[in-house]
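Number of protein chains: 2
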Amino acid sequence: MKVFTEISALRAYLKDTKFNAARSGQHLSVGLVPTMGFLHEGHASLMKRARMENDLVVLSIFVNPIQFGPNEDFETYPRDAEKDLALAKQEGVDVVFLPSVEEMYPRPTKTTISVKELTAKLCGASRPGHFDGVTTVVGKLLHIVSPNHAYFGQKDAQQVAVISQMVGDLNMDVQIIPCPIVREHDGLALSSRNVYLSPEDRKAALVLSRSLQQARSKAEESEHVTVGELRQEIQQMIQSEPLAQIDYVEFTQFPGMIPLDDITSLKDSEEDVLIALAVRFGKTRLIDNIILTKKGVINHV
Amino acid sequence: MKVFTEISALRAYLKDTKFNAARSGQHLSVGLVPTMGFLHEGHASLMKRARMENDLVVLSIFVNPIQFGPNEDFETYPRDAEKDLALAKQEGVDVVFLPSVEEMYPRPTKTTISVKELTAKLCGASRPGHFDGVTTVVGKLLHIVSPNHAYFGQKDAQQVAVISQMVGDLNMDVQIIPCPIVREHDGLALSSRNVYLSPEDRKAALVLSRSLQQARSKAEESEHVTVGELRQEIQQMIQSEPLAQIDYVEFTQFPGMIPLDDITSLKDSEEDVLIALAVRFGKTRLIDNIILTKKGVINHV
Numbered sequence: 002m003k004v005f006t007e008i009s010a011l012r013a014y015l016k017d018t019k020f021n022a023a024r025s026g027q028h029l030s031v032g033l034v035p036t037m038g039f040l041h042e043g044h045a046s047l048m049k050r051a052r053m054e055n056d057l058v059v060l061s062i063f064v065n066p067i068q069f070g071p072n073e074d075f076e077t078y079p080r081d082a083e084k085d086l087a088l089a090k091q092e093g094v095d096v097v098f099l100p101s102v103e104e105m106y107p108r109p110t111k112t113t114i115s116v117k118e119l120t121a122k123l124c125g126a127s128r129p130g131h132f133d134g135v136t137t138v139v140g141k142l143l144h145i146v147s148p149n150h151a152y153f154g155q156k157d158a159q160q161v162a163v164i165s166q167m168v169g170d171l172n173m174d175v176q177i178i179p180c181p182i183v184r185e186h187d188g189l190a191l192s193s194r195n196v197y198l199s200p201e202d203r204k205a206a207l208v209l210s211r212s213l214q215q216a217r218s219k220a221e222e223s224e225h226v227t228v229g230e231l232r233q234e235i236q237q238m239i240q241s242e243p244l245a246q247i248d249y250v251e252f253t254q255f256p257g258m259i260p261l262d263d264i265t266s267l268k269d270s271e272e273d274v275l276i277a278l279a280v281r282f283g284k285t286r287l288i289d290n291i292i293l294t295k296k297g298v299i300n301h302v
Numbered sequence: 002m003k004v005f006t007e008i009s010a011l012r013a014y015l016k017d018t019k020f021n022a023a024r025s026g027q028h029l030s031v032g033l034v035p036t037m038g039f040l041h042e043g044h045a046s047l048m049k050r051a052r053m054e055n056d057l058v059v060l061s062i063f064v065n066p067i068q069f070g071p072n073e074d075f076e077t078y079p080r081d082a083e084k085d086l087a088l089a090k091q092e093g094v095d096v097v098f099l100p101s102v103e104e105m106y107p108r109p110t111k112t113t114i115s116v117k118e119l120t121a122k123l124c125g126a127s128r129p130g131h132f133d134g135v136t137t138v139v140g141k142l143l144h145i146v147s148p149n150h151a152y153f154g155q156k157d158a159q160q161v162a163v164i165s166q167m168v169g170d171l172n173m174d175v176q177i178i179p180c181p182i183v184r185e186h187d188g189l190a191l192s193s194r195n196v197y198l199s200p201e202d203r204k205a206a207l208v209l210s211r212s213l214q215q216a217r218s219k220a221e222e223s224e225h226v227t228v229g230e231l232r233q234e235i236q237q238m239i240q241s242e243p244l245a246q247i248d249y250v251e252f253t254q255f256p257g258m259i260p261l262d263d264i265t266s267l268k269d270s271e272e273d274v275l276i277a278l279a280v281r282f283g284k285t286r287l288i289d290n291i292i293l294t295k296k297g298v299i300n301h302v
């Protein structure tokens, strides 16, 4: 496994490798797994999928400052490069890209990639500027690595929708592959931020997956159930947990991200329905979601 | 010469050609000349330069709606695909990309690439949204063609600065090559919009190059001359032409595009100095510019 910290060296290596493959008549396919590190089994599932589908797997590890708000956790975001490299090796990653902030932003960027409408609600509303930071850095990484496929976790469902929109609108030559949420045995969605949780918070946080699970059951029982009814149930269940403080409980079409209002019944949505939650436990903000498909329910919680 | 109207067909052709070159051990370099068509000798100079420096030359012709304001000349912008193709062939272009608006924007784009600061003045101020349209479409074209080099005329000096900034900030893997302004024998900078000019306007428009030429002479005589003195001379000369209506006469550092105020003397600029003009003759808005280098004057008018 090769580790690069410099863009130019990574690019030269990837170009050489592709060129040499082509010389022997092989189309080398490259899969990129972009991460902020502190890797867990969710990331491992992305690496596994990339490993299956590509000749060369690139993992990037970069805590991207421009997607954090001024009062967010950029400084304290958990980092453990050594452990990350060990996991990457174990998952058969070929190349790790581990740049410094100075390498990615040698000068403050004057250029921003923005996606409108899809970013108006959910984390886009709670975290102003967040998605501009995400799309800009993902654009940079795609330009640096030129992958055939890029793998993203469905836990950040809005991010998947936003990046897919960007790639389509800008004719970026890459296929975005969303991968299912990975959960602990008790249902907690894996997140690097779970390490922030006290044992009490950790236990309280199970209310997220539990409330989504209940909403799923309800939706399976009756397709006439309205968004308002489901929203109220979820909110009540979360509010019954004293340590939980709701940031949002939102229902949108997916991947169009068009908000559904309370009087809509699930069957009237033109696209699949995303139920997305953001809830604080102390200073830790967790997100979770489920997608109810038009033909049943995927992403089982 | 091959002509493509579809992105997928163009992309497949370029990939095949590169792959086949690599199979025989050759690194194929691709030069892109992005234009809005109605080609003139200015464009021809870009194609010539691209022809010299690349194995494969791609010319794109696309009048990009999203860089025109609602009251601008998108509908009436001159078009002549047949003549353009003949000139492209004559200049040894290998591939012409001639997409429809529907091919480039099958749905209204929700994604925008924006460059701040450099776009605040000059045409960015006179034409709100213009540069977002330019950077977004150039980003799309770069993603579609993946060129090694892209060629732009220095007549749109601010555009050159903005695109170079975008490419650097977003780690796009392409070298931007600015090419000198091409002029008629009497000094008028070539522009597709020159066809709009009546014979009287055409004659009056010579005041642009004449005033820049005079500013250059003045700057060569004394490096202590101030921006304010030069600006006043240029303005007076243009205002002496009854058919001319000034949009702007601006002095900025180049390529940083930081405006210089009137009390600055030319020698105090940290970078080269761009003098940029936009002037209306009837409904036709023309631009012209000159760059005064720290070590003399380039882009002679």
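Line order of the protein sequences matches chains W and F. For reference, each letter of the first sequence is one residue, going 2 to 302 in our numbering. For reference, each letter of the second sequence is one residue, going 2 to 302 in our numbering. Ideal Cβ placement from N, Cα and C applies to all residues, glycine included. All figures in this text were calculated on a predicted structure; none of them were measured in a lab.
Look up Arg286/F in the DSSP assignment and say whether it is helix, strand or coil.
strand
Select from the stretch 169 to 183 of chain W all residues with a C-beta closer than 7 Å to any C-beta belonging to chain F, and list them in chain order.
Asp170, Leu171, Asn172, Met173, Asp174
Exposed or buried, what is Ile299/F when buried is set at 16 or more other beta-carbons lying within 10 Å of its beta-carbon?
For Ile299/F, the predicted model reports a pLDDT of 48, less than 50, meaning its position is unreliable; a value from the coordinates is still stated below. Answer is exposed; the Cβ neighbour count stays below 16.
Proximity of Phe98/F and Val116/F at Cβ, strictly below 9 Å:
no
Report the residue from His44/F, Val59/F, Ala13/F whose alpha carbon sits nearest the alpha carbon of Asn149/F.
Val59/F
Keeping to the same chain, check which residues put their C-beta closer than 6 Å to that of Leu40/F; ignore five residues upstream and five downstream.
Asp85, Leu88
Roughly how many whole angstroms lie between the Cα atoms of Ile276/W and Ala151/W?
24 Å
Any chance you could list the alpha helix (DSSP H) runs of at least 4 consecutive residues sitting entirely within the stretch 67 to 142 of chain F, in chain order?
82 to 91, 102 to 105, 124 to 127
Apply the 10 Å Cβ neighbour rule to Gly43/F and answer buried if 16 or more other Cβ atoms are within range, or exposed otherwise.
buried
For a cutoff of 9 Å on Cβ pairs, would you count Ser61/F as touching chain W?
no
Let me know if Pro179/W comes out buried or exposed under the rule of 16 or more other beta-carbons within 10 Å of its beta-carbon.
buried
Could you check which residue in Val183/F, Ala206/F, Ser218/F, Leu123/F has the C-alpha nearest to that of Leu261/F?
Leu123/F
With 9 Å as the threshold, decide whether the Cβ of Ser147/F is near any Cβ in chain W.
yes
DSSP three-state label for Lys204/F, please.
helix
Does any residue of chain F bring its CB to less than 9 Å from the CB of Glu118/W?
yes
Among Phe69/W, Pro109/W, Gly283/W, Leu267/W, which one has its Cα closest to the Cα of Pro200/W?
Gly283/W
Quick check on Lys3/W: does DSSP put it in helix, strand or coil?
strand
So who's on the other strand from Phe63/F, going by DSSP bridges?
Bridge partners of Phe63/F: none, in fact.
Distance check for Val274/W and Ile235/W, CA to CA, integer angstroms please.
15 Å
For chain W, check one thing: does any of its Cβ atoms lie closer than 9 Å to the Cβ of Lys111/F?
yes
For the ligand MG, any of its heavy atoms closer than 8 Å to the Cβ of Asp174/W?
The ligand MG is not among the ligands present in this structure, which contains no ligands whatsoever.
Run through DSSP, which three-state label would Asn300/W get?
Only weak support is given to the placement of Asn300/W: the predicted model assigns it a pLDDT of 46, under 50, and the value that follows is read from those uncertain coordinates. Three-state DSSP puts Asn300/W in coil, outside helix and strand.
Output, in chain order, the set of chain W residues within a Cβ distance shorter than 9 Å of Ile8/F.
Asn172
How close, in whole Å, do the beta carbons of Gln254/F and Ser266/F come, if the pair is a contact with beta carbons under 8 Å?
The pair is not a contact, with the Cβ atoms about 14 Å apart (cut-off 8 Å).
According to the Cβ coordinates, are Asp56/W and Ala82/W closer than 9 Å?
no
Beta-carbon of Ala220/W versus every beta-carbon of chain F: anything under 9 Å?
no
What are the boundary residues of the beta strand (DSSP E) that includes His150/F?
150 to 154
Measure the CB-CB distance between Thr137/F and Thr110/F and report whether it falls below 9 Å.
yes
Ala10/W, buried or exposed, once every other Cβ within 10 Å from all chains shown has been counted against 16:
exposed
Please confirm whether Arg52/F and Val94/F have their CB atoms less than 9 Å apart.
yes
Beta-carbon separation (whole angstroms), Pro66/W vs Val196/W, contact threshold 8 Å
Actually they are not in contact, since the Cβ atoms of Pro66/W and Val196/W sit about 20 Å apart, beyond 8 Å.
Taking the alpha-carbon positions, what's the Met238/F to Gly229/F distance?
14 Å
Is it the case that the Cβ atoms of Thr120/F and Met258/F are separated by a distance below 9 Å?
yes
Val34/F - containing alpha helix (DSSP H), residue span
Element bounds for Val34/F: not the alpha helix (DSSP H) but the beta strand (DSSP E), 31 to 36.
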